[in-house]
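The structure appears below as C-alpha cells.
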Ligand code: GTP
Ligand code: MG
C-alpha cells in the first residue's frame, strides 16, 4: 500500500527538541552520500521531500517527516565520510548519538550501505554499537540498479559472510534503488505491521 501523505514536520540540531515520542518512528542512518534522503523520497513518492545532493554532507540536522499522520520517518546526517571535515564529522556523530539515546518510540533503524562497495569497518562498528545498546536495526543496500544481478548477489553474500564473523544471525536486509524504486513495497510492508503492534 503506498504512502498517502508525507510531510516535512521539523528539523532539529538538538535531539532534546525533537517532537514528543508519540508516534512510531523509523530512522535512516549511514555514511554520507549513501542515499538516505533519496530513499525517503523514493518511499514516500515525493521526489523533493528530503534534500539530496551529489556532494556528501547535505543533511545536517535531524529531520522528522510525518507519514499518513501516523508515523515518523527520520532523515539524519551521514557519518564518517572523509570529504566531510573532522569537526563536522564529530558534530554529526554527536548528533546521531544524542538522537539514538533519546527516542523511546524508535522502532527500527535502517542502516544504509552502498551495494557497490565492500563492507566498511565504520558501518560494521556502527551496527555492533546498535547491538550493544539493544537497538533494533535492519540493513538497506542502496544504488543496486548500478550492479548486475550477479554482482549484486555476490555483494549480498559477501556482506552476510562478513556479518556472520561477529553475529550469530544476520539482520533483515533490503535491496533498494531510489532510481527504480526497487525495495519500496518491501520496506513499507515491513514498517506497517510494526506501526500497529
Ligand atoms: P548526506 O545527506 O550527505 O549524508 O547524503 P545522503 O545519504 O542523504 O545521500 P543522498 O540521498 O543525498 O544521495 C547522494 C547521491 O547519491 C545523490 O547524487 C543521489 O542522486 C545518489 N543516489 C541516491 N540513491 C541512489 C540510487 O538508488 N541509485 C543511484 N544511481 N544514485 C543514487
Ligand atoms: Mg541526506
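In full-length UniProt numbering, the protein residues as written are 1 to 197. Each residue gets a CB set at the ideal place from its N, CA and C atoms; glycine is no exception.
Just to confirm, are residue i and residue j a CB contact at a threshold of 8 Å?
i, j, result
"residue 8", "residue 49", "yes"
"residue 113", "residue 34", "yes"
"residue 144", "residue 176", "yes"
"residue 18", "residue 103", "yes"
"residue 52", "residue 37", "yes"
"residue 98", "residue 15", "yes"
"residue 73", "residue 115", "no"
"residue 111", "residue 126", "yes"
"residue 171", "residue 191", "no"
"residue 66", "residue 76", "no"
"residue 124", "residue 1", "no"
"residue 25", "residue 107", "yes"
Please list the terminal residues of the continuous alpha helix (DSSP H) segment that includes residue i.
i, result
"residue 42", "36-44"
"residue 117", "Premise fails: residue 117 is in no alpha helix (DSSP H) and is neither H nor E."
"residue 162", "149-163"
"residue 97", "86-100"
Nearer than 7 Å: is that true of the beta carbon of residue i relative to any heavy atom of ligand 1?
i, result
"residue 27", "no"
"residue 113", "no"
"residue 12", "no"
Determine the extent of the beta strand (DSSP E) in which residue i is found, giving its start and end residues.
i, result
"residue 189", "Where residue 189 is concerned, there is no enclosing beta strand (DSSP E), although the alpha helix (DSSP H) it sits in stretches over 184-196."
"residue 7", "6-12"
"residue 73", "71-75"
"residue 142", "137-142"
Identify the residues that DSSP records as bridge partners of residue i: which are they?
i, result
"residue 108", "26"
"residue 63", "11, 75"
Is residue i near ligand 2, going by C-beta to nearest heavy atom under 7 Å?
i, result
"residue 36", "yes"
"residue 128", "no"
"residue 144", "no"
"residue 91", "no"
"residue 55", "no"
"residue 176", "no"
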